[in-house]
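For the protein sequence lines, the chains are B and E, in the order given. Residues 3 to 260 in this note's numbering are what the first sequence spells out, letter by letter. Residues 28 to 280 in this note's numbering are what the second sequence spells out, letter by letter. Every residue gets a Cβ at the ideal spot worked out from N, C-alpha and C, and that includes glycine. As the structure is a prediction and not an experimental result, all values here were calculated from the model. Data first, discussion second: the structure below is written as structure tokens.
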Amino acid sequence: MTTQGWYTRGWIRGMLLLFSGLLFLLLWEGLVRWQHYPPYILPSPELVARKGLRALQDGTLWRHTRVTLVEILGGLALGVSGATVLGYLLAKHPLLEHLVGPYVVAAQAIPVVALAPLVILWAGSGLWAKILVAALTLFFPTLVNTMVGIRSVEQRYMELMRVLNANRWQIFRLVEVPAALPILLGGLKIGTVLAVIGAVVGEFVAADQGLGFLINLTSRGTLDTALLFVAVGTLVLIALALYSGVGYVESRVLRWRG
Amino acid sequence: MPPILSVQDVSYVFVDTHPVRALDGITLEARSGEFIALVGPSGCGKSTLLRLLAGLLRPTEGRILFDGRVLRGPRPDIGLVFQEVNLLPWRTVEANVRLPLEILGTPRAEADARVREMLDLVGLRGFENAYPRQLSGGMQQRAALARALVKLPRLLLLDEPFGALDALTRERMNLELLRIWAHHRQTTVMVTHSIQEAVFVADRVWVMTPRPGRIAGSVSIADLPRPRTLEMMAWPEFGRLTQAVRSLIQEAE
Numbered sequence: 003m004t005t006q007g008w009y010t011r012g013w014i015r016g017m018l019l020l021f022s023g024l025l026f027l028l029l030w031e032g033l034v035r036w037q038h039y040p041p042y043i044l045p046s047p048e049l050v051a052r053k054g055l056r057a058l059q060d061g062t063l064w065r066h067t068r069v070t071l072v073e074i075l076g077g078l079a080l081g082v083s084g085a086t087v088l089g090y091l092l093a094k095h096p097l098l099e100h101l102v103g104p105y106v107v108a109a110q111a112i113p114v115v116a117l118a119p120l121v122i123l124w125a126g127s128g129l130w131a132k133i134l135v136a137a138l139t140l141f142f143p144t145l146v147n148t149m150v151g152i153r154s155v156e157q158r159y160m161e162l163m164r165v166l167n168a169n170r171w172q173i174f175r176l177v178e179v180p181a182a183l184p185i186l187l188g189g190l191k192i193g194t195v196l197a198v199i200g201a202v203v204g205e206f207v208a209a210d211q212g213l214g215f216l217i218n219l220t221s222r223g224t225l226d227t228a229l230l231f232v233a234v235g236t237l238v239l240i241a242l243a244l245y246s247g248v249g250y251v252e253s254r255v256l257r258w259r260g
Numbered sequence: 028m029p030p031i032l033s034v035q036d037v038s039y040v041f042v043d044t045h046p047v048r049a050l051d052g053i054t055l056e057a058r059s060g061e062f063i064a065l066v067g068p069s070g071c072g073k074s075t076l077l078r079l080l081a082g083l084l085r086p087t088e089g090r091i092l093f094d095g096r097v098l099r100g101p102r103p104d105i106g107l108v109f110q111e112v113n114l115l116p117w118r119t120v121e122a123n124v125r126l127p128l129e130i131l132g133t134p135r136a137e138a139d140a141r142v143r144e145m146l147d148l149v150g151l152r153g154f155e156n157a158y159p160r161q162l163s164g165g166m167q168q169r170a171a172l173a174r175a176l177v178k179l180p181r182l183l184l185l186d187e188p189f190g191a192l193d194a195l196t197r198e199r200m201n202l203e204l205l206r207i208w209a210h211h212r213q214t215t216v217m218v219t220h221s222i223q224e225a226v227f228v229a230d231r232v233w234v235m236t237p238r239p240g241r242i243a244g245s246v247s248i249a250d251l252p253r254p255r256t257l258e259m260m261a262w263p264e265f266g267r268l269t270q271a272v273r274s275l276i277q278e279a280e
């Protein structure tokens, strides 16, 4: 148990968060008025809010959000499952790690931004290409994380399973997965944020819809900076929601740690 | 009656940087229902011997017979309690005790009944849904004992099960162990480095000496009646028996 400060109470924390949010908006509004920025440089929070509301009402926001959301979730599903399976195999078979490891590291050494055009070139400019880019972005950290997780399983638990004559599947299901779960879930948290980045990078390269496309369009074409803020804000909300979603699962599943 | 457990001229060599002879020509036996203690200083290979009995290791030379068959690996009718508490921290007490039956594929209803019976036996009723970290050391080792007993093993192996507990708790747990053992009277082998503890729990104490591990001899504790009580530790007979064990260790040095 850490020390119980006055700020650990739920409602006080909520109030503090609200207060800091309001302060942030106030400073922003003040800056715009004081410097007389034109809206295409820095729109006021009020303008962004109005823009967001209109984009929400005429369906623009949801149309783009939906596309990006599918890319993020698809990238997560593909990247996490692929990296977890490969990570498990590499952790269990040193020879495989010796043979495959260098390629994985080499692929990671290339920035995703540089890799994305190649993926688009090969996989087309459709949905699948963005899912691939998102998956690639989170693949390596998830892979390494899985290897660390599986290798951290204590030897005495494995010995217990040997005494009990457990087969490979039982060892996997009853010991390896639950023992590695804290680390795996930690990796998934990072993975959600990386998937958001990956999807946007993919859309930057070639897309005609999605929040990344919207950012690209408003910043380079229409100079509708308020809409750009709306798009960025939506991305932040998606990342926050996914991150705290995994955090919630974590707190439920890992209750045994107290 | 032939012995149910028979260790015949067993040696064990493990290879570190060079081969190390951990056990050399070990021969001992236990009758069905007998409680034997393996006592010796640290490094005498008694834990290694227990691992051989559990089927976790194979003898380099010699053989181990249990119930007339050569031991070739872990068996469902052999239960082991580890030196350090080895409960799975993400499972409740109840789920930890159930684990062996889950792996064996015991039908649910039968497993439920057996788990409940074992938790009652070791005195953990009411703690079914607690996680290991919420239990004291003594209670954790009770749960580990219940887990080892839940398959109704015919051979129970105990590797200094109460070594990590304080002296008072340890005495109480030894009494508890004997009470639990009296229920099914399974053949039991307990490893310990405490002569007092060995004499207190066992029917026969086998004495081991180190480097390489050898059997120096054995002392029958048949003169101490069962059920054992803590007062017996003040009996002259108890003193004579511990002295007999101690002199076996000293002779070998």
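query = Would you say Arg164(B) faces chain E, with C-beta separation under 8 Å as the test?
reply = Taking the first residue of the first sequence as position 1, residue 164(B) is located at position 162. Answer yes: the Cβ-Cβ gap between Arg164(B) and chain E drops below 8 Å somewhere.
ask   = Quick one: what does DSSP say Thr236(E) is sitting in, helix, strand or coil?
value = Taking the second sequence and counting its residues from 1, one reaches residue 236(E) at position 209. Strand at Thr236(E).
ask   = Which residue or residues does DSSP assign as beta-bridge partners of Leu185(E)?
value = Against the second sequence, residue 185(E) aligns to sequence position 158. Leu185(E) pairs with Val108(E), Met217(E).
query = Who are the Cβ neighbours of Pro101(E) in its own chain at under 8 Å, not counting the five residues just before and after it?
reply = Translated into positions along the second sequence, residue 101(E) becomes position 74. Taken in chain order, the residues that qualify are Ala81, Gly82, Leu83.
request  = Give, in chain order, every residue of the stretch 142-173 of chain E whose Cβ lies closer than 8 Å to some Cβ of chain B.
outcome  = Tyr158, Arg160, Gln161
query = Is the number of C-beta pairs between the stretch 203-211 of chain B and the stretch 116-136 of chain B that are closer than 8 Å three or more?
reply = yes
query = Do the stretch 258-277 of chain E and the stretch 84-101 of chain E make contact, defined as three or more Cβ pairs closer than 8 Å?
reply = no
request  = Report the partner residues of Tyr39(E) according to the DSSP bridge assignment.
outcome  = The residue you call residue 39(E) lines up with position 12 of the second sequence. Partner(s): Leu50(E).
query = What residues of chain E sit near Trp258(B), judged by a beta carbon separation below 7 Å?
reply = Position 256 of the first sequence, counted from the start, is the residue given in the question as residue 258(B). In chain order: Pro116, Trp117, Tyr158.
inquiry  = Assuming the contact rule is C-beta atoms closer than 8 Å, Arg176(E) and Met145(E) should be a hit. Round their C-beta distance to whole Å, please.
reply    = Here residue 176(E) refers to the residue found at position 149 of the second sequence. Here residue 145(E) refers to the residue found at position 118 of the second sequence. It should be noted that the sequence gives Leu, not Arg, for residue 176(E). That belief holds up - the Cβ atoms of Leu176(E) and Met145(E) are roughly 6 Å apart, short of 8 Å.
ask   = Just how far apart, CA to CA, sit Ala243(E) and Cys71(E)?
value = Mapped onto the second sequence, residue 243(E) falls at position 216. Mapped onto the second sequence, residue 71(E) falls at position 44. Computed Cα separation, rounded: 11 Å.
task = Just confirm the distance between the C-beta atoms of Asp104(E) and Gly240(E), as a whole number of angstroms; I'd bet it's less than 8 Å.
result = Your numbering for residue 104(E) matches position 77 in the second sequence. Your numbering for residue 240(E) matches position 213 in the second sequence. In fact, because the Cβ distance is near 26 Å, the residues do not count as touching under 8 Å.
inquiry  = Please report the straight-line C-alpha distance between Gly67(E) and Val234(E), rounded to a whole angstrom.
reply    = In the second sequence, residue 67(E) corresponds to position 40, counting from 1. In the second sequence, residue 234(E) corresponds to position 207, counting from 1. Cα to Cα, Gly67(E) sits roughly 6 Å from Val234(E).
task = Could you list the residues in the stretch 138-153 of chain B with a C-beta less than 8 Å from some C-beta on chain E, going in chain order?
result = none
query = Any Cβ of chain B within less than 8 Å of the Cβ of Pro134(E)?
reply = By one-based count along the second sequence, residue 134(E) stands at place 107. It does not; no Cβ of chain B falls within 8 Å.
inquiry  = Between the stretch 149-168 of chain B and the stretch 101-109 of chain B, can you find at least three pairs of beta-carbon atoms closer than 8 Å?
reply    = no
key: Interfacial residues, the stretch 89-102 of chain E to chain B, with Cβ spacing under 7 Å   = Pro101
ask   = Which residue spans inside the stretch 100-146 of chain E form an unbroken beta strand (DSSP E) run of at least 3?
value = 105-108
request  = Along the beta strand (DSSP E) that carries Ala243(E), what are the first and last residues, could you check?
outcome  = Within the second sequence, the letter at position 216 stands for residue 243(E). Start and end: 241-247.
ask   = What residue range is occupied by the uninterrupted alpha helix (DSSP H) comprising Glu258(E)?
value = Mapped onto the second sequence, residue 258(E) falls at position 231. Element bounds for Glu258(E): n/a, residue is neither H nor E.
6 Å CB neighbourhood of Gly200(B) in its chain, flanking five on each side removed = Residue 200(B) sits at position 198 when you count from the first residue of the first sequence. Answer for Gly200(B): Gly77, Val135, Ala136, Thr139, listed in chain order.
task = Rounded to whole angstroms, what's the CA-CA distance from Gly144(B) to Pro188(E)? Just pull it up for me.
result = Your numbering for residue 144(B) matches position 142 in the first sequence. Your numbering for residue 188(E) matches position 161 in the second sequence. Contrary to the premise, residue 144(B) reads as Thr rather than Gly in this sequence. Cα to Cα, Thr144(B) sits roughly 39 Å from Pro188(E).
request  = Answer with buried or exposed for Gly214(B), where buried requires no fewer than 16 other C-beta atoms within 10 angstroms of its C-beta.
outcome  = Walking along the first sequence from the start, residue 214(B) turns up at place 212. Label assigned to Gly214(B): buried.
ask   = Comparing the C-beta of Glu161(B) with each C-beta of chain E, is any distance below 8 Å?
value = Position 159 of the first sequence, counted from the start, is the residue given in the question as residue 161(B). Yes, because at least one Cβ of chain E sits closer than 8 Å to the Cβ of Glu161(B).
message = For Ala197(B), tell me which candidate among Gly223(B), Gly249(B), Leu75(B) has the shortest Cα-Cα distance.
response = Walking along the first sequence from the start, residue 197(B) turns up at place 195. If we check each option's Cα against that of Ala197(B), Leu75(B) comes out closest.
key: Cut-off 8 Å between Cβ atoms - residues of its own chain near Ala49(E), not counting five sequence neighbours on either side   = Position 22 of the second sequence, counted from the first residue, corresponds to residue 49(E). Excluding sequence neighbours, Ala49(E) sits near Tyr39, Val40, Phe41, Gly72, Thr75, Pro239, Gly240.
task = Select from Leu275(E), Val34(E), Gly164(E) the residue whose C-alpha is nearest the C-alpha of Ser247(E).
result = On the second sequence, residue 247(E) is found 220 positions in, with the first residue counted as 1. Selected option, being the one with the closest Cα: Leu275(E).
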